[in-house]
Each structure stands twice: as structure tokens, then as C-alpha cells.
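Numbering of the sequence shown is given in my numbering, commencing with residue 13 and proceeding in unit increments.
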Amino acid sequence: MGRFLALFNGAADEADKAELTEQQQTEFMNAWASWAQANEKAIVDPGAPLNAKKLVTARGVEDFTDALIAYTIVEAGSHDEAVQIFSGHPHLGLFAGNSIAVLECPPPPS
């Protein structure tokens with residue numbers, strides 16, 4: 013089994029997010045919870061939102077923004093299997109352009 017990091021990219025701007033009704037938000041969160049329950053054996057870390065962001069370079073530290081909004085870590089038998097876990101995730105249908113990047117996380121060399 014390998015570990016895979018899923019990075020959730022959000023395509024909505026603040027105006028789009030503000031247009032969601034409370035009912036739509038509740039339905040989305042319930043759909044996410046159902047997805048998590050259906051995949052609970054694969055989920056190693058359910059993740060969290062990605063909010064305040066700092067970029068550290070040799071020149072210093074600065075705030076930055078990007079489209080990354082959340083992460084989740086799963087275990088799967090292959091990269092394709094990990095991708096399949098996220099293929100029906102409700103995040104993909106919330107806003108046009110939303111996506112999920114699935115990255116393989118091999119163990120560090122020994």
C-alpha cells in the first residue's frame with residue numbers, strides 16, 4: 013500500500029462562494045461526510061482546510077495566495093486506485109473548474 017496526498021483546488025471566487033445558500037452548503041458538507049465514510053478504510057488523514065499561507069525562501073517569508081483549499085491523505089494499492097477514490101468526490105461538482113491533484117508520497121529513502 014502506498015500513501016497519496018490529495019490537494020483540493022478551488023475555482024470559485026469570493027462572490028461565487030457567497031452565492032451558495034445555507035442548504036447548498038449543508039448538502040455539500042453532508043455529501044463530503046458520506047464520501048469520507050464510504051472511503052474511511054483508505055483515509056489516513058482526513059485533512060483540513062488550507063488557510064493562512066506563508067512562503068519561505070532564502071530571502072525571507074511572505075504571505076501568498078493560491079487555489080489550494082484543502083488536503084487529504086489516503087492509502088491505496090496504486091496511484092490509479094488512489095485517483096479512483098477521489099473521482100467521485102463532491103468537491104468536483106461544487107464549482108466549475110474545481111479539481112483534485114493526487115500525488116504519490118513514497119517513503120523516504122533509508
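Note that the Cβ used here is the ideal one computed from N, Cα and C, for glycine as well.
Everything numeric in this text was worked out from a predicted model, so none of it was measured.
The beta carbon of K66 is closer than 8 Å to those of V73, E74, D75 and F76 in its chain, skipping five residues each way along the sequence. In the DSSP assignment, A60 falls within the unbroken beta strand (DSSP E) covering I55 to P61. In this structure, the CA atom of L115 is about 11 Å from the CA atom of G14. Where D75 is concerned, the enclosing beta strand (DSSP E) starts and stops at G72 to D75. Contact annotation: D28 and F107 have beta-carbon atoms nearer than 8 Å. Rounded to the nearest whole angstrom, the C-alpha separation of V95 and P102 is 14 Å.
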